[in-house]
Structures are given as structure tokens and as C-alpha cells.
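One structure is given here, and the rest of the page talks about it.
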Amino acid sequence: MKKAIIIGASSGIGKALAILLSQNDYQVGLISRRAELLLNLQSQLKRKGHVKVMDITQFPQSMTLFEELIQEMGGVDLVVLGAGVGYINPELEWKKEQETIEVNVMAFAAMANVAMKHFLSMGCGHLVGISSIAAIRGSGGSTYGASKAFVSNYLEALQHKIFKQGMAKEIVITEILPGFVDTAMAKGEGLFWVAPVGKAAEQIYNAIKNKKDCAYITKRWVLVAMLLKILPRFIYKRLF
């Protein structure tokens, strides 16, 4: 039986993916701050689930708790880093900016650090990081896109590291770039191509099975990504 840990499992994509992995014979470890939601999710899993309640921004304690869960499960094959926050913040309220950086940047790097050290010690493993289409270009003065740009670049740097070490077949790193998904993270007006969370989880699971380096969720968002990457800055500023 394969073993997976999902960080940010209490709701949204993380919750849907936990259920899907359990249905496909994974033993799943669940990490989040919200104990009641995790216990409720644990009861829905087909296979035995492990729960670790923690605030991932409280490191090094959170790193130690993550390591403990890995040990309790006897090692893991897959880690999904899905915890994240995002705000529409035109007033640039620092509290919102700070929380975004702490969760999406610092805590992401801390959890990835623990996962990668485990995989390197095992000689195999699969790390999945949830980034965003918003990572491609800066938008609206929001720290969210900038934080997700860190996620994307960090994952690519880890891919490069593993490749240079000759372990790209043994240790897989997958970057997931969702567009709009029907979760609490989808905010603002003018949303389009909003994917049901179940569909998003299925496409992420397929990317995991196929050991993709990168996957857009849903697949049509690759068209938006290609456009965003080639637009000159002066045109992008006027359009978006």
C-alpha cells in the first residue's frame, strides 16, 4: 500500500484529493490546523487515515511534527503541499500580506525541506506542490501571485537539483498550476472556467500517476498560461 501526506487537507482541493487517494489504495496522512474538520475527513476515508493537527507557520515545531507523522506512518511515498491563503488586498493591509508570505512562502519551503530530506534518505519519493496560474504574472498589487511565483520557482529549483544528482527517475517533483477552482480560494468578480473541486482533484491525481513535471488544472488553462507568458509588459498592464 502506498502512503501519502497531504498538507492543507481539511478543505478544498486537499480534502478532495485525500478522499481520492484513499479510494485508490493510499494510506493517507492529514495535516491542517482545524482538528474537527480533519477528524471528520478521517472518518470518510476508505483506508486508515492519520491525523496531525498543527499550524505549519510555527516552525521549527511544525517541521518536527511533520517528521513525527512521517515516522508514525513508517515513511511515505507522496507528499502534497496544498496549504495556502490568498486575499484580494487593494489596500495592502500588512497583516494579510504577512500571512500570505508566512503560509505560502516560508511554511511551504519548510514543509518541502522536510519532505525532500525524507525522500533523499529513502532514495525515492514524489513531492507535489500546489502553485497557481497567478504565479505567471504580477497582478493587482496582490502578494498572492508573488507568493505562488516563489512556489513555482522553488519547485523548479528542486527539480534541477534532483536532475543534477541523477535522481530524476527516483524522486519526482510535480508543480500543479490551478486556474479557478470552486473553493473558498476563488475570490473576486469575473471568474471563468471555474472547475468543480472533484474534477480538479481527479486531474491532479492523474498528474501524480503519470509523474508529470507540471500540470495545469484544468488542462485548458495552459492556453491562458501561454498567452500570459508572451504578452509584453505594456500590453499586459492595459489588459489586466
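Our numbering applies: residue 1115 is where the sequence shown begins, and numbers increase by one.
Beta carbons: idealized from backbone N, C-alpha and C, even for Gly.
Out of Ser1266, Val1308, Gly1189 and Glu1182, which one is the CA nearest neighbour of alanine 1223? On the sequence shown, position 109 is the one that residue 1223 refers to. The alpha carbon of alanine 1223 has as its nearest neighbour, out of Ser1266, Val1308, Gly1189 and Glu1182, the alpha carbon of Ser1266.
When you compare each of Ile1287, Pro1292 and Ala1221 to aspartate 1443 by their alpha carbons, which one comes out closest? Residue 1443 falls outside the range modelled here, since the chain spans only 1115 to 1354, and no answer is possible.
Along the beta strand (DSSP E) that carries serine 1146, what are the first and last residues, could you check? One-based indexing of the sequence shown puts residue 1146 at position 32. Element bounds for serine 1146: 1140-1146.
With 16 as the cutoff for other CB atoms within 10 Å, does methionine 1225 come out buried or exposed? Counting from one through the sequence shown, the residue named residue 1225 turns up at place 111. Methionine 1225 is buried by the Cβ-count criterion.
Between the Cα of glutamine 1279 and those of Gly1198, Ser1176 and Leu1234, spot the shortest distance and give me the residue it belongs to. What you label residue 1279 is simply residue 165 of the sequence shown in a count that begins at 1. Among Gly1198, Ser1176 and Leu1234, the Cα nearest to that of glutamine 1279 is on Leu1234.
Please report the residue range of the beta strand (DSSP E) in which glycine 1243 lies. The sequence position of residue 1243 within the sequence shown is 129, counting from 1. Its beta strand (DSSP E) spans residues 1239-1244.
Could you check the C-alpha separation between cysteine 1238 and methionine 1281 for me, to the nearest Å? If you number the sequence shown from 1, residue 1238 lands on position 124. If you number the sequence shown from 1, residue 1281 lands on position 167. Between cysteine 1238 and methionine 1281, the C-alpha separation is close to 8 Å.
Taking contact to mean 3 or more Cβ pairs, one atom from each stretch, closer than 8 Å, check whether the stretch 1336-1347 and the stretch 1156-1168 are in contact. no
Given tyrosine 1140 as reference, the closest of Ile1119, Gly1126, Ser1157 and Ala1197 once Cα atoms are compared: Along the sequence shown, one-based indexing puts residue 1140 at 26. Out of Ile1119, Gly1126, Ser1157 and Ala1197, Ile1119 has the C-alpha closest to the C-alpha of tyrosine 1140.
Is there a Cβ of chain B sitting closer than 9 Å to that of histidine 1164, yes or no? Checking the listed chains, one finds no chain B in this structure; it contains a single protein chain.
Given that a residue counts as buried once 16 or more other Cβ atoms are within 10 Å of its Cβ, and exposed if not, what is asparagine 1218? Here the question's residue 1218 lines up with position 104 in the sequence shown. With 16 or more neighbouring CB atoms inside 10 Å of its own CB, asparagine 1218 falls in the buried class.
Selection from Asn1227, Thr1332 and Phe1306 that minimises the alpha carbon distance to glutamate 1181: Taking the sequence shown and counting its residues from 1, one reaches residue 1181 at position 67. Measuring from the Cα of glutamate 1181, the nearest candidate turns out to be Asn1227.
Thinking just about the alpha-carbon of each residue, which of Ser1124, Lys1117 and Leu1151 is nearest to the one in glutamine 1137? Numbered from 1 along the sequence shown, position 23 holds the residue referred to as residue 1137. Nearest option by C-alpha distance: Lys1117.
I'd like to confirm the pairing. Which residues does DSSP put opposite threonine 1288 in its beta bridges? Mapped onto the sequence shown, residue 1288 falls at position 174. Note: threonine 1288 sits in a beta bridge opposite Val1242.
Across which residues does DSSP place lysine 1116 in a beta bridge pair? Counting from one through the sequence shown, the residue named residue 1116 turns up at place 2. Looking at the DSSP assignment, lysine 1116 forms a beta bridge with Tyr1140.
Can you list, in chain order, the residues of its chain with a C-beta nearer than 8 Å to that of leucine 1369? Leave out the 5 residues immediately preceding and following it. Given a span of 1115 to 1354 for the chain in the structure shown, any question on residue 1369 remains unanswerable.
Could you tell me whether the Cβ atoms of isoleucine 1250 and isoleucine 1290 are closer together than 9 Å? The count along the sequence shown starts at 1 and reaches residue 1250 at position 136. The count along the sequence shown starts at 1 and reaches residue 1290 at position 176. Taking 9 Å as the Cβ cut-off, isoleucine 1250 and isoleucine 1290 do not qualify as a contacting pair.
State buried or exposed for lysine 1357, treating a residue as buried only when at least 16 other CB atoms are found within 10 Å of its CB. Nothing can be reported for residue 1357, as the shown portion of the chain is limited to 1115 through 1354.
Just list the beta strand (DSSP E) runs in the stretch 1147-1233, keeping only unbroken ones of 3 residues or longer that don't cross its boundaries, in chain order. For the stretch 1147-1233, whole beta strand (DSSP E) runs of length 3 or above, ordered along the chain, are 1163-1167 and 1192-1195.
Select from Asn1324, Asn1320 and Val1295 the residue whose C-alpha is nearest the C-alpha of valine 1311. One-based indexing of the sequence shown puts residue 1311 at position 197. The residue with the shortest Cα to Cα distance from valine 1311 is Val1295.
Buried or exposed: where does alanine 1229 fall if 16 or more other Cβ atoms within 10 Å of its Cβ makes it buried? What you label residue 1229 is simply residue 115 of the sequence shown in a count that begins at 1. By the C-beta density criterion, alanine 1229 is buried, having at least 16 other C-beta atoms within 10 angstroms.
Given this structure, state the Cα-to-Cα distance separating serine 1245 from proline 1292, to the nearest angstrom. One-based indexing of the sequence shown puts residue 1245 at position 131. One-based indexing of the sequence shown puts residue 1292 at position 178. Spanning the two alpha carbons is a distance of roughly 7 Å.
Taking a contact to mean a Cβ-Cβ separation below 9 Å, would you say threonine 1214 touches glycine 1196 in this structure? Along the sequence shown, one-based indexing puts residue 1214 at 100. Along the sequence shown, one-based indexing puts residue 1196 at 82. No.
Threshold first: 4 residues or longer. Then list the alpha helix (DSSP H) segments lying entirely within the stretch 1292-1340, N to C. 1311-1323
Extent of the continuous alpha helix (DSSP H) to which alanine 1282 belongs: Taking the sequence shown and counting its residues from 1, one reaches residue 1282 at position 168. That residue, alanine 1282, is in no alpha helix (DSSP H); it is neither H nor E in DSSP.
Determine the DSSP secondary structure at isoleucine 1250, reduced to helix, strand or coil. Translated into positions along the sequence shown, residue 1250 becomes position 136. DSSP places isoleucine 1250 in coil when its eight states are reduced to three.
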